[in-house]
Every structure is written in structure tokens, then in C-alpha cells.
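A.B. asks:
Protein chains: 2
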Amino acid sequence: MAAGALGRIQTETPALPEALRRVGEAILADPAEAARSTIITLAERSGSSPATVTRFCRVFGFAGYAGLRVALATETGRAAQANWDMGVGHEIGPTDPLDAAIGVMAAADSRLIQETAAQLDAGTVAKVAEAIVEARRVLIFGVSTSGAVAGMMGGRLRRIRVPCWSHADAHEALADAALLGEGDVAIGISHQGRTREVLESLGEAGDRGALTVAVTSFARSPLAELSELVLTTASRETTFRLGGLAAVHSQLFVLDTVYVAVAQRTYEQTNEAFELTIRALESHRVERN
Amino acid sequence: MAAGALGRIQTETPALPEALRRVGEAILADPAEAARSTIITLAERSGSSPATVTRFCRVFGFAGYAGLRVALATETGRAAQANWDMGVGHEIGPTDPLDAAIGVMAAADSRLIQETAAQLDAGTVAKVAEAIVEARRVLIFGVSTSGAVAGMMGGRLRRIRVPCWSHADAHEALADAALLGEGDVAIGISHQGRTREVLESLGEAGDRGALTVAVTSFARSPLAELSELVLTTASRETTFRLGGLAAVHSQLFVLDTVYVAVAQRTYEQTNEAFELTIRALESHRVERN
DNA sequence: CATCTGGGTGAAAATTATTCTCAACTCGGG
DNA sequence: CCCGAGTTGAGAATAATTTTCACCCAGATG
Chain R
627 MAAGALGRIQ TETPALPEAL RRVGEAILAD PAEAARSTII TLAERSGSSP ATVTRFCRVF
687 GFAGYAGLRV ALATETGRAA QANWDMGVGH EIGPTDPLDA AIGVMAAADS RLIQETAAQL
747 DAGTVAKVAE AIVEARRVLI FGVSTSGAVA GMMGGRLRRI RVPCWSHADA HEALADAALL
807 GEGDVAIGIS HQGRTREVLE SLGEAGDRGA LTVAVTSFAR SPLAELSELV LTTASRETTF
867 RLGGLAAVHS QLFVLDTVYV AVAQRTYEQT NEAFELTIRA LESHRVERN
Chain X
627 MAAGALGRIQ TETPALPEAL RRVGEAILAD PAEAARSTII TLAERSGSSP ATVTRFCRVF
687 GFAGYAGLRV ALATETGRAA QANWDMGVGH EIGPTDPLDA AIGVMAAADS RLIQETAAQL
747 DAGTVAKVAE AIVEARRVLI FGVSTSGAVA GMMGGRLRRI RVPCWSHADA HEALADAALL
807 GEGDVAIGIS HQGRTREVLE SLGEAGDRGA LTVAVTSFAR SPLAELSELV LTTASRETTF
867 RLGGLAAVHS QLFVLDTVYV AVAQRTYEQT NEAFELTIRA LESHRVERN
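Read top to bottom, the protein sequences are chains R and X.
Quick note, in my numbering, the first sequence goes up one by one and the last residue is 915.
Quick note, in my numbering, the second sequence goes up one by one and the last residue is 915.
1. Buried or exposed: where does R:Val714 fall if 16 or more other Cβ atoms within 10 Å of its Cβ makes it buried?
2. In three-state DSSP terms, what is X:Val811?
3. Would a C-beta distance cut-off of 7 angstroms place R:Glu863 and R:Thr838 closer than the cut-off?
4. Between the alpha carbons of X:Arg785 and R:Pro848, how many angstroms are there, rounded?
5. Residues of chain X with CB under 7 angstroms from R:His875, in chain order?
6. Between X:Phe682, X:Leu878, X:Arg671 and X:Gly773, which has its C-alpha nearest X:Ser827's C-alpha?
7. Could you please tell me which residues of the region 683–704 of chain R, in chain order, have their CB closer than 9 angstroms to any CB of chain X?
8. Taking just the CA atoms, how far does R:Ala658 sit from X:Gly693?
9. Of the residues that make up the region 758–778 of chain X, which ones have a beta carbon closer than 7 angstroms to any beta carbon in chain R?
10. Within this structure, are the beta carbons of R:Thr883 and R:Ala873 separated by less than 7 angstroms?
11. Taking DSSP's pairing of strands, which residues face X:Cys790 in a bridge?
12. Under three-state DSSP, which class holds X:Ala860?
13. With a threshold of 7 angstroms between beta carbons, is X:Ile665 in contact with chain R?
14. Please classify R:Gly713: does DSSP put it in a helix, a strand, or coil?
15. Counting only the same chain and skipping the five closest in sequence on each side, list residues whose C-beta sits under 8 angstroms from that of X:Leu654.
16. So what's X:Thr883 in DSSP terms, helix, strand or just coil?
17. Just checking: is the beta-carbon of R:Gln895 within a distance shorter than 7 angstroms of some beta-carbon in chain X?
18. Quick one: what's R:Val841 bridged to in DSSP?
19. Cα separation between R:Pro643 and R:Ala845?
20. The alpha helix (DSSP H) spanning R:Thr702 covers which residue range?
21. Does X:Leu724 have its Cβ less than 7 angstroms from a Cβ in chain R?
22. Pick helix, strand or coil for R:Thr750, following the three-state DSSP scheme.
23. Measuring only the C-alpha atoms, how far is X:Thr821 from X:Ser876?
24. Can you tell me which of the three DSSP states X:Arg820 falls into?
25. Do X:Ala776 and X:Ile815 have their C-beta atoms within less than 7 angstroms of each other?
26. Give the straight-line distance between the Cα atoms of X:Ala840 and X:Ser792, rounded to the nearest whole angstrom.
27. For X:Gly835, I'd like the list of residues in its chain whose CB is within less than 6 angstroms of its CB, leaving aside the five on either flank, ordered along the chain.
28. Given a cut-off of 7 angstroms on the beta-carbon distance, is the pair R:Ser675 and R:Arg648 in contact?
29. Take the Cβ of R:Ile904 as the centre, count every other Cβ of all protein chains shown within 10 Å, and call the residue buried at 16 or more, exposed below.
30. Just to confirm my understanding: we take X:Phe682, look at its own chain, exclude 5 residues before and 5 after, and list those with CB closer than 6 angstroms. What are they?
31. Is the CB-CB distance between R:Thr865 and R:Ile718 below 7 angstroms?
32. Take R:Gly829 and list the residues in its own chain whose beta-carbon comes closer than 6 angstroms to its own, dropping the five residues that flank it on each side.
33. Is the Cβ of X:Ser736 closer than 7 angstroms to any Cβ of chain R?
34. Under DSSP, the alpha helix (DSSP H) around R:Ser736 begins and ends at which residues?
35. As a quick exercise: from R:Val759, R:Gly832, R:Arg737 and R:Arg867, pick the residue whose alpha carbon is nearest that of R:Ala803.
36. Assuming contact is defined by CB atoms lying nearer than 7 angstroms, are X:Ile766 and X:Gly780 in contact in what I supplied?
Rendered as C-alpha cells:
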């Protein structure tokens, strides 16, 4: 749970109450320095109190300040090894040269994927995969960009014989959710965890006894709160990448790990399905010239 | 001073007096666990006392135990990241532990994005963007996974007022392609560059005078050969990731650069469109709780 | 062999860091 | 206007860390 703390702090700090937010900002301004500081020093630097810093640690799942310090140090070590720039990312503007912008974007996306991996709990991924392997029905809910991710993953799981559906139409999604029951799995994808359609469908699925899984950037969000299991995505909203677009790579990555965990558990079936589907689709490919 | 502490502890521990040596051994047995432990716990684990652990810290140049803890955490974080980086290329099998698989996947996806950026020609991206800005119609063709990418990017461009379409139905796609003309843009997405439906639609668009753009992993492929402009994607097919799935992150990345280049050229229009669409969608989000 | 000196050690006292408690304040809803 | 929920930090309580010093042991010296 301590893993990936910096990414989560970056994502969630803007939405925290005043004093907690100032603590988050002080940490993000210089994470390595924060790791080296006593709680008294960090409280002073952020214009808050030791009690507030302790509460901040609790918000992010740490028992106390020592846990946060160790996590920050671990991640700054990780970032140093990966040669990440630890400061706030450069914002692309309308006059930036395109080749520079491409470099900034690649570095940012690269980092998002690794931050997502760092904050992912393998135990939770395994639980989701195990439930999917046993499920008679799997539904994936998402709207707009998250909807495209849902469609992609739905198709992918179907190709290894997981009975999986996703719908662009919110009514169809909700109707299918109402038909779920014990032993089924419902996954809701929403960057902010506040999309009404996704909340509604996932809530319905949960009411029917399905296992509910949230894929969201915000561990503290309505979607996370109504789900039994939560898989968080690192995200960064920028000038040209707002809302769900900030988390596309991360969402794909998270669901990819679930897919791989399912495939590992159904290896023979997966291999057979690959052969069948590849052969069937061969006629949709022109010959090599 | 903190740099390389673990290495120095490893080198110097055998020559330390009895109790100090036991402290060094306990740290080396599990550095990450030591970083998470209080001085009392580590003293117990090493069969010594808190005073001895404090002295140990002094021997290695730390003012106190907090300094040692932070250094241990930093170095274990660095080592974990290096371990990930070394895992690139490892083929995930059915018995691989999931947390290791996650690390391998993150490093691999990260690398793919970096490679895609490195092989991307900013001049070609700029040409595509300029053509899109002037176009009366933009069509994006793709099937299966590439189709989901096409839909995602289509929606995204529409949100900044680019008249853009993508179709899941191959007949609809082909029919629209037949209606393109000079000054229009058609983008075909296909990992191997051999998908019949995409080739057919992009070919038809080219016959009608539209600018044709290929997004593919293979510069030498039927799709690349029938296109005026080619944007290549890095890809790696693995045990559980075949065909278009090997290039999803790369395809998204490439089209993201096109999108940003378009947005840069239409900055005012893009900002206005953001405001309008975000406001319109606000009612589809529940309030923060 | 006896004595002295220096280094190592940990128990206990002292100090500092961290966590907990609760009163006061603010804001929003009825 | 009142009430309830949430936030905050001062101060008390607790835990962690550092310092002090008495004791022990080994080696050197007379």
C-alpha cells in the first residue's frame, strides 16, 4: 500500500482540504527533502501542524510519519534510478517545438505507467483475476475514453474465452448489470471515479451480488467507495490532456495486468484460443508482399 | 554521504566489533525491512541494543537512525527500479509471480513508448496535423484493438471541433471513405499493416484524393506502401500480447502527438472547446463527497 | 602476576519526535 | 438562526531515539 505514494499524492493533493493540501504541496515541492525531515520541520514548511501531517499520512494509508518517510525515500530512489525529473511536469504550450513536445510526452507517459505499476497491489490484481476465471459473466463499464478502454479489454478477454461484455450504450450497460448475480464480476472504469453512468451500473451490479472492482485515479471517490476492490491509476492532467485522457495509458496497463493474471491461470485454454482466433482472422490479412 | 551506504555496510561489517557486526548483518539480511523498522525492533532482531544501533549509524556517517533509514529506503527503491529495468524482454510465463510480471510489463511498455518517440519524425507529425487543421473531413480507420484506438482519437479530435469520424462497421467506414476528396484526411491504423478492411478503406480514400496516413509497426507493409505519410509504432509481441495488442500504447502515443500538434495550431479554438465540453459534461459527474 | 588503559556494551536517564485528544472554528443545509 | 459535519492545531500523552556512565574484557606494560 505504501508503494506508488508519490503518484497518488500528486493526483489527490489538489482535492484535499486546505491544510492537508499544503502538506501535499510541500512534499511534492521536494520529496527527497521531505523524506529527510522530521514531522516538526515538514509541518513548519507547510504552514501546518504535526497533527495535520500525521493525518495526511493516514489519508494515504500509512500508520504514521515514519511509514511516509520511508515510502518517499524509496520512491525518490526509484525515480533517481529511472532518471525521472521529480518536479512538476513541463506543460506543453502552443509555441513549443513539436520535437520537444514529443520528448516531454514520452517521458510523461513512460513515467505514468511505471508509477501505476508501483502503486498496484498484486494481491488485489490476483483476486480480480481469480474471480474472473470463475465468473459466468464479466461486465466492464466505462464512458467516453474509459468506455473505449472497456471495449478493448472486453474484446481481449473474450478472445481467451472469458464471457465478457461492455456497452457503449448506458442503458444496455445498466440492463446487463441488473442481470448479474453472485459469482459474476463487474469492473467500473472512471478516471475521477465520479461518472454517473459508471457509478449507476457498478452500484446495480453490486446490489445483485457481483464482485465490484473500481479502476480509478482517485482512491477517495464515490466509485472507489462503492467497490469491494480498487485498482488505482496514476494520472496527470495537463493543458491538452484533461479528464479521462490523463489516465488512458494507466488504465490500459492496469487492465493488462488483470488480463495477464487471468491468462496465467487459464494457460492451456488461452493458448488454444490464440491459435483459433489467429487462424480465423488470417483471411482478414493480406499476404506479405 | 548517503550514497552507497549499503555497499559500505557490506564491505565493512565483517571487520566491526561483535555487536556492531550483528547490526550490520541484520541490515544486510533484509535492508527494506530494516528501513521499515524502529530502532528498538532492529536492535532486538540483531541481539543488540538501541544504543549500539545508534553507534552503528555514527560509524557510517549518519547523525542518527532516521538518516540510516532514509538511506536504506532510497537504495532499496533504486535497486527495485534497476531490477525492473533488467527484466525487459523476459517472457512472462504461467508460473511467474504476478508482482514480477507487473514489473516486467511496466518496464516493457515504458520502453515501447520511448522507442516510439525516438523513431517518430516530428516533420511528418506536423504535416498530418496541418492537413487535419485544414480538412473538411477526417476519417480514422481501424479494426479490433486498432479500431478502439481509432474511436478514442476520433472522439478526442471531435472535442476540439475537428470534423472527425471512425466506424466500427467496415461497410460504413468504406462508404464514408468513398465520399472523401481533396483536402480531406484519412488515417489507417493497423499493427502489421495488413488488415484488409483498413487497407480497403484507406485505399479508397486515397483514390478520392484524400491525404492518406498510415499508423503501423511495419514501415514495409501494404498499408505503409499505399499511404503518402507513415507514422511508425514500436511493438513487441509476447506470450500474452499478440497482434495489435503489442502496439496499443505506441499507437495511442503516436496519435496523441498528432492531437497535440493540432491543438497547438488551433489553441484558441481548443481552449474554448474544452470549456464548453467540460461544462456540458459536468452534470454527468456526481459531486465530490 | 598485577595493574592500568582503552574499547565495547547496554541499562537507564534524558531528550526529541510522534501520536492522540479535544475544544474551537467554519461552512452548508434545514 | 441553529445544528451537524468536517477541519484544525494546541497541549497532553506516548513512543522513539540519543546520551550518559558503570561495568566488563582484552591487551600491554611494569
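A virtual CB, placed ideally from N, CA and C, is assigned to each residue, including glycine.
What you are looking at is a predicted structure, and each value in this text was computed from that prediction instead of being measured.
C.D. replies: Taking the geometry as given:
1. Annotation note: pLDDT 45 at R:Val714 (below 50); position unreliable, no value reported.
2. DSSP, read as helix, strand or coil, puts X:Val811 in strand.
3. Not in contact: R:Glu863 and R:Thr838 (Cβ atoms no closer than 7 angstroms).
4. About 26 angstroms.
5. Within chain X, the residues whose beta carbon sits less than 7 angstroms from that of R:His875 are His875 and Leu878, listed in sequence order.
6. For X:Ser827, the nearest C-alpha among the options comes from X:Gly773.
7. Within the region 683–704 of chain R, the residues whose Cβ lies closer than 9 angstroms to some Cβ of chain X are Ala692, Gly693, Arg695, Val696, Ala697, Leu698, Ala699, Thr700, Glu701, Thr702, Gly703 and Arg704, listed in chain order.
8. If I take the Cα positions, the gap works out to 12 angstroms.
9. The region 758–778 of chain X vs chain R, Cβ under 7 angstroms: Ser770, Thr771, Ala774, Gly777 and Met778.
10. No, these two residues do not count as a Cβ contact at 7 angstroms.
11. Checking the DSSP bridge columns, you'll see X:Cys790 partnered with X:Val764.
12. X:Ala860: coil per DSSP, three-state reduction.
13. No, because no Cβ of chain R sits closer than 7 angstroms to the Cβ of X:Ile665.
14. Low local confidence applies: a pLDDT of 45 at R:Gly713 is under 50, so the model's placement there is unreliable, and no value is given.
15. Only Leu632, Ile635, Gln636 and Thr639 meet the Cβ criterion.
16. In the structure shown, X:Thr883 sits in a helix (DSSP, three-state: H, G or I).
17. Chain X, which has no Cβ nearer than 7 angstroms to the Cβ of R:Gln895, makes this no.
18. In DSSP, R:Val841 forms a bridge with R:Ile815 and R:Leu857.
19. Our two residues, R:Pro643 and R:Ala845, have alpha carbons roughly 16 angstroms apart in a direct line.
20. Where R:Thr702 is concerned, the enclosing alpha helix (DSSP H) stretches over Tyr691 to Ala708.
21. Yes - at least one Cβ of chain R is within 7 angstroms of the one on X:Leu724.
22. Under the three-state reduction of DSSP, R:Thr750 is assigned to helix.
23. Answer to the nearest angstrom: the Cα atoms are 18 angstroms apart.
24. The answer is coil: DSSP assigns X:Arg820 none of H, G, I, E or B.
25. A Cβ-Cβ contact shorter than 7 angstroms links X:Ala776 with X:Ile815.
26. Cα to Cα, the separation comes out at about 15 angstroms.
27. Closer than 6 angstroms at the Cβ level, and outside the excluded window around X:Gly835, lie Gly807 and Glu808.
28. R:Ser675 places its beta carbon 7 angstroms or farther from that of R:Arg648.
29. By the neighbour-count rule (16 or more Cβ atoms within 10 Å), R:Ile904 is not buried but exposed.
30. The beta carbon of X:Phe682 sits closer than 6 angstroms to the beta carbons of Leu646 and Val649 from its chain, once the five residues preceding and following it are set aside; these are given in chain order.
31. Yes; because the gap between Cβ atoms is below 7 angstroms, this pair is in contact.
32. So the list reads Leu852, once near-sequence residues are dropped.
33. Contacts with chain R at 7 angstroms (Cβ-Cβ) include X:Ser736.
34. The continuous alpha helix (DSSP H) containing R:Ser736 extends over residues Leu724 to Gln745.
35. For R:Ala803, the nearest C-alpha among the options comes from R:Gly832.
36. Taking 7 angstroms as the Cβ cut-off, X:Ile766 and X:Gly780 qualify as a contacting pair.
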